[in-house]
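**Q** Next up is a structure, given as structure tokens.
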Amino acid sequence: MGISHYIKEIGRGARGAKSLDREQARDLFGQVLDGSVTDLEIGAFCLAMRIKGETPEELAGFLDATHERLALVPSAPRTVVVIPSYNGARKLPVLTPLLALLLARRGLPVLVHGAASESSRVLASSVLAKLGHLPASVIRTIEPGQVVFTPTGLLSSGLERLLDVRRVVGLRNPAHSVVKLMRPVEGDAIVVSSYTHPEYAQSMAATFELTGATALLSRGLEGESVADPRRTAQVDGFVRGRRIPLQQQQPGTLSVVAGLPAEIDVDSTAAYTREVLAGDRPVPEAIERQVAQVLRIADLLGAGNDTASSQRTAFEPETIEANPSTKEAP
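Sequential numbering from 279 applies to the sequence shown in our numbering.
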């Protein structure tokens, strides 16, 4: 059976459309990923969901279908940090490689995954390649202290095909939400996710809670998961679906961030990243805090895995500052 009966429900416009339950969403998205439906049905699905918007139940079902089909990265000796990277840089340097390398420096295995869905932007994969981290050609274990960029197509050819629909219709579709939420790793992982519009903050947070995910969620830099160095954004952590507030949003946006390069091209961004890692330029405070927040989630996840620590107050809310003596300008 095709997906026309689902399209009839979700395709009745912004007011008349009905939402799918989790199992229906899993069935629909599974058929789309398997390529068992027509191009016309895929186009109708993408446009209908774009108009209607995804509910947390639907996103959970889409993730169920995705996780059933993903080629998973084998588990590592330490919790793997998963960083989706699909937007790239448009106005500021893409700082996702810097975040990944700073986390690896702290001994964590880091998986960056992505696809070139934005052809006019500077991509994190290009900067990582310039720094010597070429895209993986096979799925393999990521060791502590290592950064590996894995193209989406290696993880799921179906997701890659669905992402490519954007090049045809010019609009995002549920695949762009799924790749920011999915956990393509066996065993424990922390998904560092981001949103660009406030409404996605609510639906993504609810999806993490519904699926029992371990993650970090905040507004990112031009759609990337790395913290925006111009702002102090709200940051929420999730440990097996339980939300932990980590940072409150502060008003104000810096017009200039000291130390950032003026150019955003691959060579300039790679050179800047090397200089920060070498200590010749400061780590942007927002990214330094983000590293601390990821480490905090890793600690909480470890505490939650320790049965002897079940009575500890590991999940108490906490605001994390990389350097309590300094504050970002409003």
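Backbone N, C-alpha and C define an ideal beta-carbon position, used for all residues, glycine too.
(1) Would the stretch 499-507 count as touching the stretch 372-382 if we require 3 or more Cβ pairs under 8 Å?
(2) Using the three-state DSSP reduction, which class does Gln-571 fall into: helix, strand or coil?
(3) Please report the straight-line C-alpha distance between Leu-306 and Gln-480, rounded to a whole angstrom.
(4) Near Thr-485, which residues of its chain fall below 8 Å by C-beta distance, leaving aside the five closest residues on each side in sequence?
(5) Given this structure, state the Cα-to-Cα distance separating Asn-365 from Lys-408, to the nearest angstrom.
(6) When you compare only the Cα positions, how much space is there between Thr-585 and Ile-468?
(7) How many Å lie between Ala-295 and Lys-286 at the Cα?
(8) Exposed or buried, Thr-597, counting other C-beta atoms within 10 Å across all chains shown (16 or more means buried)?
(9) What is the DSSP secondary structure of Ser-496, counted as helix, strand or coil?
(10) Can Val-359 and Val-513 be called in contact, C-beta distance under 8 Å?
(11) So, does the stretch 541-553 touch the stretch 425-444, judging by three or more C-beta pairs under 8 Å?
(12) Leaving out five residues on either side along the sequence, give the residues of the same chain with a beta carbon under 6 Å from the beta carbon of Gly-308.
(13) Using a 10 Å radius around the Cβ and a threshold of 16 neighbouring Cβ atoms, would you call Val-426 buried or exposed?
**A** With the given structure in hand:
(1) yes
(2) Per DSSP, reduced to three states, the secondary structure at Gln-571 is helical.
(3) 23 Å
(4) Pro-334, Leu-337, Ala-338, Leu-341, Leu-459 and Ala-491.
(5) If you draw a straight line from the Cα of Asn-365 to the Cα of Lys-408, it is about 18 Å long.
(6) Only weak support is given to the placement of Thr-585: the predicted model assigns it a pLDDT of 38, under 50, and the question is left unresolved by the model.
(7) 8 Å
(8) Annotation note: pLDDT 43 at Thr-597 (below 50); position unreliable, coordinate value reported separately. Exposed is the call here.
(9) strand
(10) no
(11) no
(12) Ala-343
(13) buried
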